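Chains as they are written, first to last, in the numbering used here: chain A, 168 to 730; chain B, 168 to 730. Every residue, glycine too, gets a C-beta built ideally from N, C-alpha and C. Since this is a predicted model, take the numbers as computed values, not measurements. First the structure, in the form of structure tokens, and then the observations on it.
There are 2 protein chains.
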Amino acid sequence: MDTLTHSEITALFLALGLLLATARLFGELARRFSLPAVLGEILAGILWGPTIFGTLAPEWRAFIFPRQGGGALAFDGLTTLAIVLFLLVAGMEINLSTVWRQGKVALWVALVGMSVPFSLGFAVAWWSPDLVGYQPGVNPLAFALFMATALSISALPIIAKILMDLNIYRSDLGVTVIAAAVLNDLLGWLVFAVVLGMLGAGNGMPFGHTLWLTLTFTSAMLTVVPWCIHRLLPWIQAHTSWPGGVLGFALSFCLISAAFTEWIGIHAIFGSFLAGVALGHSSHLRERTRATIDQFVSFIFAPLFFASIGLKVNFAEHFDPLLTLTVLGLALTGKVAGSALGGRFGGLSWRDALGIGFGMSAQGTMGMILGVLALQFGLINQQVFVSLVVMALVTSLISGPMLQIILRLKKPRRFLDYLQPQGFVNRLEATDRWEAIRDLSQITAPLVGLDPQMVTSAILAREKIMATGIGKGVAVPHTRLPGLYAPVVTIGLSRVGIDFDAPDGTPAHIICLILTPVNDDGVQLEILADIATTFKTKEVREKAISVAGFTEFLALVRSGQAR
Amino acid sequence: MDTLTHSEITALFLALGLLLATARLFGELARRFSLPAVLGEILAGILWGPTIFGTLAPEWRAFIFPRQGGGALAFDGLTTLAIVLFLLVAGMEINLSTVWRQGKVALWVALVGMSVPFSLGFAVAWWSPDLVGYQPGVNPLAFALFMATALSISALPIIAKILMDLNIYRSDLGVTVIAAAVLNDLLGWLVFAVVLGMLGAGNGMPFGHTLWLTLTFTSAMLTVVPWCIHRLLPWIQAHTSWPGGVLGFALSFCLISAAFTEWIGIHAIFGSFLAGVALGHSSHLRERTRATIDQFVSFIFAPLFFASIGLKVNFAEHFDPLLTLTVLGLALTGKVAGSALGGRFGGLSWRDALGIGFGMSAQGTMGMILGVLALQFGLINQQVFVSLVVMALVTSLISGPMLQIILRLKKPRRFLDYLQPQGFVNRLEATDRWEAIRDLSQITAPLVGLDPQMVTSAILAREKIMATGIGKGVAVPHTRLPGLYAPVVTIGLSRVGIDFDAPDGTPAHIICLILTPVNDDGVQLEILADIATTFKTKEVREKAISVAGFTEFLALVRSGQAR
Numbered sequence: 168m169d170t171l172t173h174s175e176i177t178a179l180f181l182a183l184g185l186l187l188a189t190a191r192l193f194g195e196l197a198r199r200f201s202l203p204a205v206l207g208e209i210l211a212g213i214l215w216g217p218t219i220f221g222t223l224a225p226e227w228r229a230f231i232f233p234r235q236g237g238g239a240l241a242f243d244g245l246t247t248l249a250i251v252l253f254l255l256v257a258g259m260e261i262n263l264s265t266v267w268r269q270g271k272v273a274l275w276v277a278l279v280g281m282s283v284p285f286s287l288g289f290a291v292a293w294w295s296p297d298l299v300g301y302q303p304g305v306n307p308l309a310f311a312l313f314m315a316t317a318l319s320i321s322a323l324p325i326i327a328k329i330l331m332d333l334n335i336y337r338s339d340l341g342v343t344v345i346a347a348a349v350l351n352d353l354l355g356w357l358v359f360a361v362v363l364g365m366l367g368a369g370n371g372m373p374f375g376h377t378l379w380l381t382l383t384f385t386s387a388m389l390t391v392v393p394w395c396i397h398r399l400l401p402w403i404q405a406h407t408s409w410p411g412g413v414l415g416f417a418l419s420f421c422l423i424s425a426a427f428t429e430w431i432g433i434h435a436i437f438g439s440f441l442a443g444v445a446l447g448h449s450s451h452l453r454e455r456t457r458a459t460i461d462q463f464v465s466f467i468f469a470p471l472f473f474a475s476i477g478l479k480v481n482f483a484e485h486f487d488p489l490l491t492l493t494v495l496g497l498a499l500t501g502k503v504a505g506s507a508l509g510g511r512f513g514g515l516s517w518r519d520a521l522g523i524g525f526g527m528s529a530q531g532t533m534g535m536i537l538g539v540l541a542l543q544f545g546l547i548n549q550q551v552f553v554s555l556v557v558m559a560l561v562t563s564l565i566s567g568p569m570l571q572i573i574l575r576l577k578k579p580r581r582f583l584d585y586l587q588p589q590g591f592v593n594r595l596e597a598t599d600r601w602e603a604i605r606d607l608s609q610i611t612a613p614l615v616g617l618d619p620q621m622v623t624s625a626i627l628a629r630e631k632i633m634a635t636g637i638g639k640g641v642a643v644p645h646t647r648l649p650g651l652y653a654p655v656v657t658i659g660l661s662r663v664g665i666d667f668d669a670p671d672g673t674p675a676h677i678i679c680l681i682l683t684p685v686n687d688d689g690v691q692l693e694i695l696a697d698i699a700t701t702f703k704t705k706e707v708r709e710k711a712i713s714v715a716g717f718t719e720f721l722a723l724v725r726s727g728q729a730r
Numbered sequence: 168m169d170t171l172t173h174s175e176i177t178a179l180f181l182a183l184g185l186l187l188a189t190a191r192l193f194g195e196l197a198r199r200f201s202l203p204a205v206l207g208e209i210l211a212g213i214l215w216g217p218t219i220f221g222t223l224a225p226e227w228r229a230f231i232f233p234r235q236g237g238g239a240l241a242f243d244g245l246t247t248l249a250i251v252l253f254l255l256v257a258g259m260e261i262n263l264s265t266v267w268r269q270g271k272v273a274l275w276v277a278l279v280g281m282s283v284p285f286s287l288g289f290a291v292a293w294w295s296p297d298l299v300g301y302q303p304g305v306n307p308l309a310f311a312l313f314m315a316t317a318l319s320i321s322a323l324p325i326i327a328k329i330l331m332d333l334n335i336y337r338s339d340l341g342v343t344v345i346a347a348a349v350l351n352d353l354l355g356w357l358v359f360a361v362v363l364g365m366l367g368a369g370n371g372m373p374f375g376h377t378l379w380l381t382l383t384f385t386s387a388m389l390t391v392v393p394w395c396i397h398r399l400l401p402w403i404q405a406h407t408s409w410p411g412g413v414l415g416f417a418l419s420f421c422l423i424s425a426a427f428t429e430w431i432g433i434h435a436i437f438g439s440f441l442a443g444v445a446l447g448h449s450s451h452l453r454e455r456t457r458a459t460i461d462q463f464v465s466f467i468f469a470p471l472f473f474a475s476i477g478l479k480v481n482f483a484e485h486f487d488p489l490l491t492l493t494v495l496g497l498a499l500t501g502k503v504a505g506s507a508l509g510g511r512f513g514g515l516s517w518r519d520a521l522g523i524g525f526g527m528s529a530q531g532t533m534g535m536i537l538g539v540l541a542l543q544f545g546l547i548n549q550q551v552f553v554s555l556v557v558m559a560l561v562t563s564l565i566s567g568p569m570l571q572i573i574l575r576l577k578k579p580r581r582f583l584d585y586l587q588p589q590g591f592v593n594r595l596e597a598t599d600r601w602e603a604i605r606d607l608s609q610i611t612a613p614l615v616g617l618d619p620q621m622v623t624s625a626i627l628a629r630e631k632i633m634a635t636g637i638g639k640g641v642a643v644p645h646t647r648l649p650g651l652y653a654p655v656v657t658i659g660l661s662r663v664g665i666d667f668d669a670p671d672g673t674p675a676h677i678i679c680l681i682l683t684p685v686n687d688d689g690v691q692l693e694i695l696a697d698i699a700t701t702f703k704t705k706e707v708r709e710k711a712i713s714v715a716g717f718t719e720f721l722a723l724v725r726s727g728q729a730r
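Here it is, written out as structure tokens:
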């Protein structure tokens, strides 16, 4: 029986450990700068791949990330499993009912927003194939269809994340974008499945069979199968251990669907995506089960897969600026213009329509997945692959900021954004509120270069007008100050409690001193609301006043919130 | 670059999906009969392996579960990853502080309970190697050491599960068994690491190096590393997205440890086991993060690994009854006698000492993992492998019942055990408690073959003595009845609510009618307590009265409880 050798196992685990650690680290760094985590994850792969590590230490790279032999095959199997599971989660996020709710507009945006970039991509790839990196010997129709699909797909997970960050996920516009992206994804994957089927993908099945099997399977997974699953899940939850029964069912269903679509000549990911759609449809899939799958996949398998993209080619050597610009230009023009046009047809204002256009333009993860498969099947060369990855990243990067500019949106601001480690007093010794305010002002003023005396008296004056105890053990002494350019928050924890004359009469244990600029634009209210929400539950308040230091406090406040 | 072919991917996903589905299904069936889930999981593998499916449809088996080529290598990589992650979770369950708390007795049980079966196993394998299946050409010292370890290890996860099922996990005796099993596991794996090191395991490192690297690594992972992790975790939780930061850290740490121990010539699982011990030690690892890792591993990776054990050999062909009986006899005698002796030395009564002996005797998962590795390294043949697997299963099967008999324990009884689908009334139309009791009695009586009139009047008589509304919308009319051999529970849900004169004045929405035999032995009290606990939270009560039917009700009550 073939098994991995000792050194192959060593290398495999080392590779997985290093990739995962670096991908997570870079992913977190990217988030820190408000960039998509996937950017950091791909950079981690580029670091370990032929581009950097492979150039600096080729022998080490060949040992840890082998390109031949058992280790390479096992790694390939794992990353294929990773992307199959990623598409399961992507499918689970698709909620077909939102499409019906938003109805007409979403349909317009999806159809026009897909057909314009598709036609544009197809036209260019068919009549000027050299412009988009066509290599002789490849089936020109398959190439043109692939480029058209690659330019017209959008990345639902990335788009959802961008809308959530901008706090417009549940607005009319947000729901329209999501609904249109859902339709777009479904159609896009169906077309791509057909492209893969045309290539034969090695199974030797006639294309006609592949086509009707694909269409039958897709319709079943959108109609009969979700209906059965919805009826099956309560039975599974009733008769098996929880959540093992549902987890096992969801994953084996996903794997068998994946095997089926791989067998009929389209890719395994198509099956797991539809399995996700069918599963996610049922309201019986509990939040906890969903979260367990989602967390394990998003934080373990997805980073591994996206890092493996960086491993595939040398991004420095195969970067063709002209090609990349062409692909990027085509993708942006087609997608933004098409979706905006669709929005107009649906009756939206120009501003909203353009917002939707940029909202739909993020290609992120999905564009890259298409690229990986096309490279594997020899449909595109490494230059086109690199340009597709760059295009997918750039469109994801600019989508959020453009949406923000066009719709004149602001990101919600959190009090943590204005809290520094020096502004955290774990054991506030003051016994009354005047003393507490004086102590905290003395600490706050130097942090922003203001006179402590001035800060103290301004806050005290405000406090005298009306006490700032907001109840449940929280007090928020605050004021607006001239000479301040950004808000600053200082937090003091009092173990004994200080009377801040709260409506509910309880003494304050968590005292948040808030200074905001005079031209405040509402930040004070946002911070106050955020503090009230953060310390809403008794559990968080009790844990807050027993932390050992600033880091633990941060950990508590961050992990307490739903993400 | 080597990648899996189209048909290899099809087969791989099909294999994973089929194995997972069957393993989960059989695992649940095993639980239904109060047997360990691992038994069902191995049976699933035996079904798909050479024993059954391979005999019936050899070509299909060769396609889905290939023994050569890329698919076999990818499958091997995945099952190796699965067992590495399983040992991470096993390690996380180890809490060294319990060892110190139980101190002397645990130390005696662990030391004597390990050295007796170890010496017995070593003596037999050294002086009568043929008795335990020694095959010429194998290093006799390594073989004797391996057999000694295999006969003296115990399976902490299985033992913990048995003690929890018997409700003595937190008793003095339970804590002693767990503490001793923790020590036993640590020592056992250390010895096994040494055996693997002796074999060279293919890395060409001198045995001396392997030995001191193993000892240094083990001591670091038990002292310095947990200390560092405990300080690092709050920082990670504070500065990264939750729970992704901690999940990514835990898994990459585990994978790199695994790679390290594989590199120094002991197996990867040793590194992930110690990584689990180091991680689990920190109280900063939140319950939710622990649960996410635990659920994904226990319900997905573990079933896959244990099913793969059944795939490895033909269990019918290589089953040697005499060898199996010898191994089983040696394991049971050594382990039970040794641990019981240790308990006596620690000052326990004979009864308790014997209970501990049988508690420690479950070899379950760990014995099999040793067997898999030894087979892979050619240390044992297929006959010995089969006998080790059977021995591990049998010891796990008899440990619980023997403990129950010796300590005269009872399993806690739940009201669900006595509720039948016919005994569930989703919409009780009654408007007062007398009518409700009459309606439910009419339904209950035929289920147990009693006269409805008699049942009704008995319950009404009891209700008149004292009303059975226990508050929070729950009422429990009940009585003991002659002619009844087992308890029976009937549940009626009232949407409008029925006054049962509860102390808190709220009308009852959930009415549980309970009949118990006259010679009751406390089952009535257990059922009453179980009902009160089940409907303790408002959320469960509200969901209970809005279920669509019996299956949903079962699902709610089962998934509501912590498991």
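query                                                                                                                                                                : result
Below 6 Å CB to CB, which residues in the same chain sit around residue 221 of chain B once its five sequence neighbours on both sides are set aside?                : 228
May I ask you to list, following chain order, the residues of the segment 692-725 of chain A that have a beta carbon less than 7 Å from some beta carbon of chain B? : 718, 719, 721, 722, 725
I want to verify the contact list: residues of chain B whose CB lies under 7 Å from the CB of residue 176 of chain A, in sequence order.                             : 247, 429, 435
Three or more beta-carbon pairs under 8 Å between the segment 546-560 of chain B and the segment 486-494 of chain B, yes or no?                                      : yes
Check whether chain A comes within 8 Å of residue 463 of chain B, counting only Cβ atoms and requiring the distance to be less than that.                            : yes
Would you mind reading off the limits of the beta strand (DSSP E) that contains residue 587 of chain B?                                                              : 586-592
Since residue 530 of chain A meets chain B, which of its residues come closer than 9 Å, beta carbon to beta carbon?                                                  : Within chain B, no residue comes near residue 530 of chain A; the closest Cβ sits about 23 Å away, beyond 9 Å.
With 8 Å as the threshold, decide whether the Cβ of residue 466 of chain B is near any Cβ in chain A.                                                                : yes
Since residue 407 of chain A meets chain B, which of its residues come closer than 7 Å, beta carbon to beta carbon?                                                  : 195
Need the endpoints of the beta strand (DSSP E) that residue 658 of chain B sits in, please.                                                                          : 655-665
Say whether chain A places a C-beta atom closer than 8 Å to the C-beta of residue 474 of chain B.                                                                    : no
Thinking residue 658 of chain A and residue 590 of chain A are a contact (beta carbons under 8 Å), I'd like their distance in whole angstroms, please.               : 7 Å
Have a look at B:459, B:560, B:294, B:217 and flag the residue whose alpha-carbon is nearest the alpha-carbon of residue 308 of chain B.                             : B:294
What residues from chain B crowd round residue 459 of chain A, counting only those whose CB sits closer than 7 Å?                                                    : 459, 462, 463
On a Cα-Cα basis, can you pick out the residue from A:424, A:198, A:188 that is closest to residue 214 of chain A?                                                   : A:188
Would you say residue 170 of chain B lies against chain A (beta-carbon separation less than 8 Å)?                                                                    : yes
May I have the straight-line CA-CA distance separating residue 407 of chain B from residue 450 of chain B, to the nearest angstrom?                                  : 18 Å
Is any beta-carbon of chain A found at less than 8 Å from that of residue 626 of chain B?                                                                            : no
Can you give the Cα-Cα distance for residue 492 of chain A and residue 334 of chain A, rounded to whole angstroms?                                                   : 31 Å
Give the list of continuous alpha helix (DSSP H) stretches no shorter than 4 residues that lie fully inside the segment 369-394 of chain A.                          : 374-389
Is there at least one Cβ from chain B nearer than 8 Å to residue 410 of chain A's Cβ?                                                                                : yes
Hey, residue 559 of chain A and residue 531 of chain A: beta-carbon distance below 8 Å or not?                                                                       : yes
Tell me, please, whether the CB atom of residue 179 of chain A is closer than 8 Å to any CB atom in chain B?                                                         : yes
Under 8 Å, do residue 210 of chain B and residue 193 of chain B count as touching if we go by C-beta distance?                                                       : yes
Please classify residue 531 of chain A: does DSSP put it in a helix, a strand, or coil?                                                                              : helix
How would you call residue 431 of chain A, buried or exposed, if buried means at least 16 neighbouring beta carbons within 10 angstroms?                             : buried
Thinking just about the alpha-carbon of each residue, which of B:717, B:582, B:542, B:361 is nearest to the one in residue 588 of chain B?                           : B:717
Less than 8 Å separating the beta-carbons of residue 445 of chain B and residue 393 of chain B?                                                                      : yes
Alpha carbon to alpha carbon, how far is residue 576 of chain B from residue 200 of chain A?                                                                         : 59 Å
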